[in-house]
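K.L.:
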Amino acid sequence: MLRAVTAAVYAFLLLPLVVVVLAAFNAGNYFTFPPQGFSLKWFANFFARREFMQALWLSTHLGVATAALSVLIGLPAAVALVRGRFRGRDGLNAFVMSPLLLPQILTGVAMLQFFTMLGWAQTYWALLIGHVVVTAPYVIRTASATLYHFDPALEEAAQSLGASPLRAFFEVTLGVIKPGVVAGAIFAFAISFDNFTLSLFLTAAGLTPLPIELFAYLKYSFDPTAAAVSAFAIGVVLVLVLGIARLMGLEEFAGF
Amino acid sequence: MRALSRVPPAALLLGPLVLLLVVFFSAPLALMLGISFTRESFGQISWQPTLLQYARFFSDTFYLGVLWDTLVLGAITTAAALVMGYPLAWHLARTTSRWKPVLLVFVLSPLLVGIVIRCYGWMILLADRGLVNAMLIDGGWRAKPLPLMYNRFGVTVALLHVFLPFMVLSLTGVLKRLDPHLLEAAMTLGASPLRAFLEVTLPLSLPGILAGSLLVFSLAISSFVVPILLGGFKVQVLPMIIYEQMLSVFDWPFGAANAFVLLVLSVALIALYIRATERALRGIR
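Chains as they are written, first to last, in the working numbering: chain A, 1 to 256; chain B, 1 to 285.
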């Protein structure tokens with residue numbers, strides 16, 4: 001009984017994703033089960049449409065830039081938050097995580113107003129900053145998880161052997177915690193690549209990431225080109241998740 | 001250089017991030033709060049403090065109705081997520097199967113696959129000419145398609161799908177830390193499995209239930225992608241009003257006031273959530 005319920009819930013979680021992938025390879029205009037023949041025409045359609053290709057390109061380099069910046073400012077912060085012994089550390093920790101807890105629609109509305117008043121609205125920079133604000137906390141989380149397991153004695157040993165603190169960190173600590181940091185960067189990329197809510201408020205004509213382009217497409221048409229776009233994105237995410245799994249283990253990543 | 005070396009390293013390490021968040025996260029929210037107390041005329045915001053926007057919201061039965069509907073939708077989604085998430089979390093916390101990493105991918109990937117894609121999956125399933133209706137009609141069970149989409153049912157199903165992983169992850173953490181010997185002890189003392197669950201497991205997992213529920217509830221009441229795509233603008237929720245006011249009507253002060261109402265609700269829930277997770281991490285002793 002319990003097994004059946006559990007299996008049903010797993011199926012419920014996977015069903016819509018499976019259906020999207022099947023619809024993407026299906027020859028007919030409407031998806032029926034069993035599928036009516038195999039076809040790659042929806043993918044051909046996706047790759048032939050200029051707006052989708054521009055969106056894919058934008059999402060890709062936005063994701064890479066977001067991941068790089070998130071690590072650049074997130075990793076030092078994680079080091080300070082894990083190792084530091086200073087007043088107000090718990091408060092700072094909560095503050096740094098707050099973009100994760102606050103609904104993104106609120107962050108989006110606030111940023112739209114803010115960037116408009118600054119005159120930065122509808123620029124690539126506004127989009128990038130917005131993404132970094134919501135992805136940096138994830139990097140801090142994964143980096144902290146690995147930092148907690150790192151024995152600081154190793155770093156001290158390097159220093160007593162004559163390495164400068166900076167060199168000891170880069171050559172010893174970073175080497176050990178690298179999987180967590182890279183997993184965080186991959187996660188930041190995935191979050192940015194699939195971000196919808198925040199992006200919606202910060203996009204403009206000619207500056208639409210893939211999820212926004214997909215949403216716009218879905219509002220007016222329902223044809224399986226959207227399924228091909230979705231299947232492609234699901235494939236990207238799956239590869240990323242497997243990468244994270246290899247680097248740090250999904251259990252630790254999920255936080256239990 | 002000497003002045004620099006005297007700066008505490010923690011401040012140096014945290015500086016860039018804190019600066020980024022203060023300027024591009026806190027300041028925008030403060031600005032939004034400010035704008036909610038202004039009025040808009042001919043596309044310009046006039047900066048004289050007024051409670052006009054809040055008066056408009058709380059005196060109009062339409063907006064109050066939308067707020068109520070939003071909360072009800074959130075409550076139904078949360079309850080369903082708890083009922084479906086509990087067995088799954090139990091299984092994930094206890095299983096020793098070698099398929100566990102695969103099961104974890106199952107639970108985590110919907111979390112990473114974009115919300116628009118997941119909604120689209122449900123649209124393929126629930127539309128009038130969608131998979132479920134096609135099967136019902138082809139199988140001869142129904143003559144006309146069942147209304148599964150563009151109503152509360154469709155919105156609830158998709159919301160449940162989108163936020164269920166958050167419930168599962170909150171519960172798994174707590175259930176994993178629960179000592180299995182306690183349950184065995186209860187059963188060797190004569191409790192039925194059901195009674196052991198109700199009197200031992202359930203009370204001990206209460207912090208996880210609370211944390212997961214608050215998380216799902218606050219995410220569900222702030223979602224607008226799902227109501228737009230699966231509700232087809234027929235199911236109105238507070239975030240949709242915000243979206244329309246900001247991006248279609250361009251009435252920023254009213255949009256900001258609506259957002260602030262949602263913000264107050266969210267912050268209250270977050271505060272409760274933090275207390276619940278702290279208790280969950282400490283465990284009930």
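Ideal Cβ placement from N, Cα and C applies to all residues, glycine included.
I want to see whether chain A comes within less than 7 Å of B/W122, judged by CB atoms only; does it?
P.N.:
Answer yes: the Cβ-Cβ gap between B/W122 and chain A drops below 7 Å somewhere.
K.L.:
Given that a residue counts as buried once 16 or more other Cβ atoms are within 10 Å of its Cβ, and exposed if not, what is A/A11?
P.N.:
exposed
K.L.:
Going by Cα to Cα distance, which pick from A/A157, A/F25, A/A183 is closest to A/E171?
P.N.:
A/A157
K.L.:
May I ask you to list, following chain order, the residues of the segment 72–85 of chain A that have a beta carbon less than 7 Å from some beta carbon of chain B?
P.N.:
I73, G74, P76, A77, V79, A80, G84
K.L.:
Beta-carbon within less than 7 Å of B/L33's beta-carbon, same chain only, minus the 5 sequence neighbours each way: which residues are those?
P.N.:
Around B/L33: F260.
K.L.:
Based on the DSSP secondary-structure assignment, which residues constitute the bridge partners of A/L127?
P.N.:
Beta-bridge pairing links A/L127 to no other residue.
K.L.:
Which of the three DSSP states is assigned to A/F222 in this structure?
P.N.:
coil
K.L.:
Note down the Cα distance separating B/R118 from A/P152, rounded to an integer number of angstroms.
P.N.:
43 Å
K.L.:
Please report the distance separating the alpha-carbon of A/V21 from that of A/A231.
P.N.:
5 Å
K.L.:
Just to confirm my understanding: we take A/Q104, look at its own chain, exclude 5 residues before and 5 after, and list those with CB closer than 6 Å. What are they?
P.N.:
Taken in chain order, the residues that qualify are T197, L198.
K.L.:
Kindly indicate the opening and closing residues of the beta strand (DSSP E) around B/S59.
P.N.:
Unbroken run through B/S59 is the alpha helix (DSSP H), 52–59; no beta strand (DSSP E).
K.L.:
Pull out every residue of the segment 193–221 of chain A whose Cβ sits closer than 9 Å to any Cβ of chain B, in chain order.
P.N.:
Within the segment 193–221 of chain A, the residues whose Cβ lies closer than 9 Å to some Cβ of chain B are F193, D194, N195, F196, T197, L200, F201, L210, P211, I212, L214, F215, L218, K219, listed in chain order.
K.L.:
Could you check the C-alpha separation between B/G114 and A/A205 for me, to the nearest Å?
P.N.:
As the crow flies, the alpha-carbon of B/G114 is around 21 Å from that of A/A205.
K.L.:
Going by beta carbon distance, what residues of the same chain come within less than 7 Å of A/A27, once the five residues before and after it are set aside?
P.N.:
Q36, G37, F38, S39
K.L.:
Measure the alpha-carbon distance for B/R2 versus A/V96 and round it to whole angstroms.
P.N.:
Model confidence at B/R2 stands at a pLDDT of 45, short of 50, so the residue's coordinates are unreliable and nothing is read from them.
K.L.:
By how many angstroms is the C-alpha of B/H91 removed from the C-alpha of B/M215?
P.N.:
The sequence given here has Leu at residue 215 of chain B, not Met. Rounded to whole angstroms, the gap between the alpha carbons of B/L215 and B/H91 is 21 Å.
K.L.:
Going by beta carbon distance, what residues of the same chain come within less than 6 Å of B/M167, once the five residues before and after it are set aside?
P.N.:
Within the same chain, A81, G85, G212, V216 come within 6 Å of B/M167 by CB-CB distance, once the 5 residues on both sides are set aside.
K.L.:
Quick one: what does DSSP say A/A121 is sitting in, helix, strand or coil?
P.N.:
coil
K.L.:
Counting only Cβ-Cβ distances shorter than 8 Å, please list the residues of the segment 128–139 of chain A near chain B, keeping chain order.
P.N.:
I129, G130, V132, V133, A136
K.L.:
Tell me, which residues are paired with B/R39 by DSSP?
P.N.:
B/S46
K.L.:
Measure from the alpha carbon of B/D128 to the alpha carbon of each residue in B/L148, B/D138, B/G140, then state which is nearest.
P.N.:
B/L148
K.L.:
I need the straight-line Cα distance from B/M240 to B/L230, nearest angstrom please.
P.N.:
13 Å
K.L.:
What's the gap between the Cα of B/I284 and the Cα of A/T32?
P.N.:
Residue confidence for B/I284 is low, a pLDDT of 48 falling below 50, so the modelled location carries little weight; the figure read from the coordinates is stated next. Between B/I284 and A/T32, the C-alpha separation is close to 50 Å.
K.L.:
Please classify B/R2: does DSSP put it in a helix, a strand, or coil?
P.N.:
Bear in mind that a pLDDT of 45 at B/R2, under 50, signals an unreliable position, so the number given afterwards is only what the model happens to contain. In the three-state scheme derived from DSSP, where H, G and I count as helix and E and B as strand, B/R2 is classed as helix.
K.L.:
Of all Cβ atoms in chain B, is any one closer than 7 Å to the Cβ of A/S230?
P.N.:
yes
K.L.:
Against A/T107, what residues of chain B qualify as contacts under a CB-to-CB distance less than 9 Å, listed in chain order?
P.N.:
Residues of chain B with a Cβ closer than 9 Å to the Cβ of A/T107 are, in chain order, F25, P28, L29.
K.L.:
Would the segment 185–196 of chain B and the segment 97–108 of chain B be scored as touching if the rule is three or more Cβ pairs under 8 Å?
P.N.:
no
K.L.:
What residue range is occupied by the uninterrupted alpha helix (DSSP H) comprising A/D261?
P.N.:
This structure leaves residue 261 of chain A out entirely; chain A is present only between 1 and 256.
K.L.:
Judging by CA-CA distance, which residue of B/L269, B/A276, B/L262 is the nearest neighbour of A/T107?
P.N.:
B/L262
K.L.:
Since B/L230 meets chain A, which of its residues come closer than 8 Å, beta carbon to beta carbon?
P.N.:
Against chain A, a Cβ distance below 8 Å from B/L230 picks out nothing, because the smallest value is about 11 Å.
K.L.:
Should B/S205 be flagged as near chain A, meaning a C-beta pair shorter than 7 Å?
P.N.:
The C-beta of B/S205 comes no closer than 7 Å to any C-beta of chain A.
K.L.:
Using a beta-carbon distance cut-off of less than 8 Å, what residues from the segment 244–262 of chain B approach chain A?
P.N.:
M246, L247, W252, G255, A256, A259, L262
K.L.:
Could you tell me whether the Cβ of B/I284 comes closer than 7 Å to any Cβ of chain A?
P.N.:
Here B/I284 scores only 48 on pLDDT, less than 50, and its place in the model should not be relied on; the value that follows carries that caveat. Not an interface residue.
K.L.:
Please list the terminal residues of the continuous alpha helix (DSSP H) segment that includes B/M291.
P.N.:
Because chain B here runs from 1 to 285, residue 291 of chain B falls outside it and cannot be looked at.
K.L.:
Using only the alpha-carbon positions, how far apart do B/L111 and A/A68 sit?
P.N.:
22 Å
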